[in-house]
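Step one of this worksheet: look at the structure below.
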Amino acid sequence: MHNLKTQCLRLLCLLTLLSATHGLLAQTSEVDQLVGALLGETPLVSDLQELCDEIGGRPTGSAANLKSVDWALEKFQQAGVNVRKEAFTLPRFWLERSSETEITGDVAFTPRVVAMTFSAATPETGLTAPLLDGGKGTEADFSRLGDAANGAFILIETEELLDIDGLFAEYAAAVGTEAHAFAAGVAGVVYMSSRPKGLLYRHNASRGFDNTHPMLVMEREHAKRAFRLLRRGKSLNLTARIDVDSRGEYESYNIIGEIPGTEKPGEIIIIGAHLDSWGLGTGANDNGCNVVMMIDIARQMKRLGIQSKRTIRFALWNGEEHGMIGSWRYTHAHADELDNHVMALSVDIGSGRILGFFTSGRGELLEPVMRALQPVQGLGPFQQINQPIVGTDNYDFMMQGIANLVANHDPFNYGPNYHAESDTYDKVDMRQLRLNAAIVAALTYGFANMEVTWQRQTPINVQDLIDSTPLRTQMDMFNLYPGWEDGSRGYVLKTTAK
Ligand SMILES: [Zn+2]
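Residue 264 in our numbering sits at position 284 of the sequence shown, with consecutive numbering throughout.
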């Protein structure tokens, strides 16, 4: 904390110097104040402890999630921010109650497992089937297995997950593996945990809500043991008992806080982080740390009486882990306002240093981002990546043609703890989180005040983006292309005639 103060003072000196030498506008002093406040002793730390340690993991639909909604509402209210909860419907309720397995046959042991998202339940007495070596789950692996795969549990080998690239590789591989497995008529798919030392995590099934198979992640060391045994010709069976609470539609809530603009209140800058998490850990780096960041930015703006020209909305999304459902439903509920959304920012990659922003194939955003970051350039350097990125709540804004940014962080410890039992408060770099809050605040303030050259794109522009960048591949990874193609999750037009 002491070091942070020193750094904060240095930054303020730097800012003063910058203002003096560049003769920046009066607005600069507001952003300096905001940055300075966020680097000081704010309730950021205790907020994160409340959210992660006291409320805990908060899958959408869970009691903890509902508690976190009330908690977040109260935090914004206490800060004096206009806030509301906006209900939306999720298509399917799913929470794991318990999962266990038993390996029998030539050798018997009981590996720990966790159900993958939207896994089917098994009968209460369990489902027993042969456990087969599915290798890496490639087409060649399934041809080698042939008819034997039919009705069997297939064990899939994974690389150890070290970073974000590994995470995307894991998502990408699952699409093919699961397509081959379901075509072969498997009883279920069992992934070797990509994290060592018995660590379990909630791996997303490629089909999301449409998954109808028992799907598990097995602790890495015991999965390796099973592979060694199978490769020595031993015969193994797996009994899986998966108990899930799976039902139909239900309601969840986004939290939308707002500081109205002074000159262009109808124009909106929306910045957000998702409130929900999977329940194995306590959703600290994914994404409690950035939830408390949003609250703190709003709080400090109110405390300092800062109002920008445009309206700033602070969104805490729900249903993100279920397929970015909350932000998707927001774009429908606010269809009439979408033309006026000037920029949408998502912060969702933990608490490593913000290295820059993904500008989602919108070259016209590159210069404005650098301009907005000028007051905090001492916290850089910042480098933008002008590529679309799928996997968090910028997605539906991107598909609606709205200029969107995603903070790109140093992966730090994000990958190894992603969706895992170990994503807890102690993994958050609090010092860096404060610095990130300053960066995000400066960016937001900049966009909320600057003149802009861009507007909402057309559906044709969005299709061009899909066709000319790796966006299509990423959409496939999350099973999102069919919705775009058939219009069920497509471009929303303004409703006319009111
Ligand atoms: Zn996340």
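From the three backbone atoms N, C-alpha and C, an ideal C-beta is built for every residue, glycine too.
The structure presented is a predicted model; accordingly, all values stated were derived computationally and were not measured.
Reference residue i; option with closest CA among the options
i, options, result
"Q364", "P355, E150, G341", "G341"
"A44", "G188, S257, L335", "S257"
"A400", "V93, L18, F89", "V93"
"A149", "G395, A159, L112", "G395"
"T69", "H389, L46, G306, M195", "G306"
"D319", "V327, L345, F377", "F377"
"G131", "P110, I144, R124", "P110"
"L142", "P348, D390, V420", "D390"
"E238", "I277, I292, N429, L346", "I292"
"T262", "G36, E10, F458, L18", "G36"
"M195", "G268, S78, G20, D50", "S78"
"T102", "G371, E80, G213", "E80"
"V224", "P245, E317, E82, A95", "A95"
"G343", "F337, I329, E199, N366", "N366"
"L495", "T84, I277, T404", "Residue 495 lies beyond the stretch modelled for the chain, which goes from -19 to 478, so this question has no answer here."
"P176", "T157, A203, G156, G188", "A203"
"D33", "S402, A128, M455", "S402"
"K50", "L112, N298, R212, A220", "In the sequence on display, residue 50 carries Asp and not Lys. Comparing Cα positions, the closest option is N298."
"E347", "M457, F427, I446, G20", "F427"
"A422", "Q357, A129, I369", "Q357"
"P368", "I446, P245, L46, I329", "I446"
"G85", "G20, L112, K282, E21", "L112"
Presumed contact (8 Å Cβ cut-off) between residue i and residue j, rounded CB distance
i, j, result
"E66", "N234", "5 Å"
"M273", "A253", "7 Å"
"S331", "N265", "6 Å"
"L180", "V197", "6 Å"
"F362", "L345", "Rounded, the Cβ-Cβ distance is 13 Å, inconsistent with contact."
"V271", "L255", "6 Å"
"T339", "V327", "With 8 Å as the limit, T339 and V327 do not qualify as a contact, their Cβ atoms being about 15 Å apart."
For residue j and residue i, the rounded distance between their alpha carbons
i, j, result
"L107", "L147", "30 Å"
"N62", "A418", "22 Å"
"D121", "D190", "24 Å"
"V486", "W308", "With the chain running from -19 to 478 in the structure shown, residue 486 is simply not present."
"E431", "A313", "27 Å"
"L460", "H193", "20 Å"
"E76", "N397", "19 Å"
"Y151", "T118", "14 Å"
"Y425", "L473", "28 Å"
"R279", "S48", "18 Å"
"S232", "D373", "16 Å"
"K407", "I440", "42 Å"
"T97", "P240", "38 Å"
"V15", "L359", "11 Å"
"H302", "W74", "9 Å"
"E243", "A315", "22 Å"
"A88", "L218", "10 Å"
"Q380", "R452", "15 Å"
"A159", "G114", "13 Å"
"A154", "N429", "43 Å"
"G228", "S468", "19 Å"
"P450", "S173", "27 Å"
"Q443", "E465", "10 Å"
"S42", "N267", "16 Å"
"S226", "G178", "27 Å"
"D12", "P23", "19 Å"
"C(-7)", "R333", "At C(-7) the pLDDT is 47, less than 50, meaning the model places this residue with poor confidence; the figure from the coordinates comes in the next sentence. Spanning the two alpha carbons is a distance of roughly 21 Å."
"G371", "M304", "8 Å"
"G470", "I144", "27 Å"
"D127", "D409", "50 Å"
"Q454", "S448", "13 Å"
"S9", "R38", "38 Å"
"Y230", "R72", "7 Å"
"S99", "T157", "15 Å"
Any non-hydrogen atom of ligand 3 closer than 7 Å to residue i Cβ
i, result
"N416", "Ligand 3 is not among the ligands present in this structure, which contains only ligand 1."
Say whether the region 403 to 422 touches the region 19 to 31, bearing in mind that this needs 3 or more beta-carbon pairs closer than 8 Å, one atom from each stretch.
-> Contact holds between the region 403 to 422 and the region 19 to 31, because three or more Cβ pairs, one in each stretch, are under 8 Å apart.
Indicate whether the contact test is met: 3 or more Cβ pairs, each with one atom in the region 234 to 254 and one in the region 281 to 291, closer than 8 Å.
-> Flag = yes, the region 234 to 254 and the region 281 to 291 touch.
Taking three-plus beta-carbon pairs below 8 Å as touching, is the region 197 to 214 in contact with the region 133 to 141?
-> With a cut-off of 8 Å, the region 133 to 141 and the region 197 to 214 count as touching, because enough Cβ pairs lie within range.
Name all residues in chain order for which at least one heavy atom of ligand 1 lies closer than 7 Å to the residue's CB.
-> Those residues are H254, D266, N267, E300, E301, D328, T372, given in chain order.
Contact between the region 43 to 61 and the region 182 to 189 (3+ Cβ pairs under 8 Å) = Taking 8 Å as the limit for Cβ pairs, the verdict is that the region 182 to 189 does not touch the region 43 to 61.
Within the chosen definition, does the region 351 to 371 reach the region 273 to 287 through at least 3 CB pairs nearer than 8 Å?
-> In short, these stretches do not touch, since the Cβ pair count stays below three.
Touch check for the region 160 to 169 and the region 427 to 436: three-plus C-beta pairs under 8 Å?
-> Here the region 160 to 169 makes no contact with the region 427 to 436; the two share fewer than three CB pairs at distances below 8 Å.
Quick check: the region 313 to 329 against the region 376 to 385, are there 3 or more CB pairs under 8 Å?
-> Output reads yes: the region 376 to 385 touches the region 313 to 329.
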